[in-house]
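Anchor point for the sequence shown: position 253 equals 252 in numbering that gives the first Met the number 0, and the numbering is continuous, going up by one each time. Report on one structure; see the data block that follows.
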Amino acid sequence: MAVIMALLAAFCYAVAAALEQHQAEADTGTEAVHPGLLWRLARRPMWLAGFVVGGIGAALHLVALTSGPLTTVQPIGVFVVVFAVPLGAMLRHRRPELVDLLAAGAVSVGLAVVVSTLHTTSHPGRPGAWGLVGAGAFGLAALVIALRSRRWRRDVHAVVLAGAAALLLGLTSALVRALVSTGHGVAAFLHVGTLLLVGCVIAGTLLEQGAYKIGRLAAIVAVMTVVDPIASIGLGSIFLGQTASVAHPGLTVLATPVVLAGVLALTRRLDRTDRSQVAYAFALEASPRRLQPLGQVGLIQSRSGKRAKSRSKLTTAAACSVAIAANTASGIRSAVASPASQTSARQRR
């Protein structure tokens with residue numbers, strides 16, 4: 000029962016990620032991370048459907064945890080990456096690439112081994128004031144780095160956003176666990192750390208949707224699936240008084256390179272579709288009338304960004320240079336041909 004619930008939860012998480020990424024990618028905003036992004040996405044029915052499906056996945060995950068041991072449920076949950084790859088390809092009306100499927104399988108298997116070897120205390124200690132301050136400072140630093148990364152290359156920016164979002168959401172999980180241990184029921188959340196919890200949820204969700212907007216679904220889901228549980232356990236141990244241990248360090252050491260190799264394969268710079276879209280945007284800037292009917296111009300122009308604009312300037316400058324050279328050559332030909340034509344006219348007379 001627990002295995003089936005865990006698999007259904009992972010599938011729901013993958014469906015939610017695919018739907019949210021499909022809608023975030025279609026957003027017409029110029030910036031990946033903007034406060035208005037969540038408002039615009041919340042007005043899209045498909046994005047809301049993905050959000051609801053994600054909530055169903057969370058409920059199924061809780062059911063799985065109550066009906067089975069943590070060491071069985073948590074490793075199955077990481078297979079969301081395997082489900083997300085074909086779902087994302089289906090929404091794009093494409094076949095999933097073999098490289099993506101193999102990389103997703105490597106990430107899932109390797110991370111399942113890593114997660115199964117990590118254990119935390121069932122009753123974490125009460126977080127201290129300095130622990131909450133340290134956790135808040137760490138979350139703020141992750142947010143600042145993510146926002147500053149907008150000057151970097153697009154694929155790197157997307158990975159940094161996904162990693163920062165996973166750190167903040169992992170910190171959220173650790174905070175929930177710590178706050179519940181401080182009291183009983185709703186009173187547990189009447190705590191100073193509640194403000195930090197709300198801030199982490201909002202910032203993490205915003206960064207996640209920004210990563211979906213500019214990144215590849217498989218890469219973003221892989222990064223978040225890897226970073227989230229590790230961040231939850233690690234930050235809880237460092238700042239919130241929780242205790243973690245590794246049951247089989249040898250397995251963890253062997254599985255970690257497999258996970259990293261899969262993530263690196265999924266986060267390669269641009270796939271063939273992205274390259275064709277950028278090339279089309281360049282051609283569109285150079286000759287918009289001829290290429291206008293071929294596709295959605297606004298979406299492709301928004302994906303090309305500053306590179307298309309700079310290429311347009313170069314194309315315009317080159318066209319001006321060609322025109323000037325042609326006019327100059329035409330003037331020289333006319334100047335040379337003018338005396339010859341006058342001489343032939345005099346001979347006729």
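Ideal placement from N, C-alpha and C gives every residue a C-beta, glycine not left out.
Alpha carbon to alpha carbon, how far is residue j from residue i? Give it in angstroms, no decimals.
i: Val14; j: Val245; result: 31 Å
i: Ile75; j: Ser107; result: 9 Å
i: Lys141; j: Leu167; result: Checking the sequence shown, residue 141 turns out to be Ala, not Lys. Cα to Cα, the separation comes out at about 8 Å.
i: Ala1; j: Thr116; result: 19 Å
i: Thr224; j: Ala164; result: 11 Å
i: Leu234; j: Arg42; result: 34 Å
i: Cys11; j: Met4; result: 10 Å
i: Val175; j: Leu239; result: 11 Å
i: Trp46; j: Ile237; result: 35 Å
i: Val159; j: Ala230; result: 14 Å
i: Met54; j: Ala202; result: For the sequence presented, residue 54 should be read as Gly rather than Met. Computed Cα separation, rounded: 18 Å.
i: Gly304; j: Ser148; result: For Gly304, the predicted structure reports a pLDDT of 47, less than 50, and the residue's modelled location is therefore unreliable. A value from the coordinates is still provided. Going by the C-alpha atoms only, they are around 16 Å apart.
i: Gly133; j: Gly162; result: 19 Å
i: Val197; j: Ala173; result: 13 Å
i: Pro44; j: Val143; result: 31 Å
i: Ile219; j: Val262; result: 9 Å
i: Leu6; j: Ala111; result: 13 Å
i: Ala48; j: His21; result: 12 Å
i: Glu19; j: Trp129; result: 36 Å
i: Ala145; j: Pro68; result: 35 Å
i: Thr315; j: Leu40; result: Confidence at Thr315 is low in this model, with a pLDDT of 45, below 50, so the placement of that residue is unreliable and no value is reported for it.
i: Val200; j: His92; result: 32 Å
i: Ala9; j: Arg150; result: 34 Å
Using three-state DSSP, classify residue i as helix, strand or coil.
i: Val52; result: helix
i: Met223; result: helix
i: Pro44; result: helix
i: Ala5; result: helix
i: Val32; result: coil
i: Thr266; result: coil
i: Val79; result: helix
i: Pro95; result: coil
i: Asp26; result: coil
i: Trp151; result: coil
i: Gly67; result: coil
i: Gly109; result: helix
i: Ala307; result: Below a pLDDT of 50, predicted positions are generally treated as unreliable, and Ala307, at 47, falls in that range; the measurement from the model is reported next regardless. Three-state result, Ala307: helix.
i: Lys312; result: Only weak support is given to the placement of Lys312: the predicted model assigns it a pLDDT of 46, under 50, and the question is left unresolved by the model.
i: Met89; result: helix
i: Arg176; result: helix
i: Gly214; result: coil
i: Leu239; result: coil
For residue i, list the residues DSSP reports as bridge partners.
i: Val245; result: Leu117
I think residue i touches residue j, with their Cβ atoms under 8 Å apart; what is that distance to the nearest whole Å?
i: Pro95; j: Val84; result: 5 Å
i: Ala177; j: Leu86; result: With a Cβ gap of about 34 Å, Ala177 and Leu86 do not count as contacting.
i: Ala217; j: Ala103; result: 6 Å
i: Gly214; j: Asp154; result: 7 Å
Should residue i be flagged as near chain D, meaning a C-beta pair shorter than 7 Å?
i: Val106; result: Protein chains in the displayed structure number just one, and chain D is not present.
Open item on the list: For the structure I just gave you, are there three or more beta carbon pairs, one from the stretch 26-35 and one from the stretch 209-224, closer than 8 Å?
Closed with: The stretch 26-35 vs the stretch 209-224: in contact.
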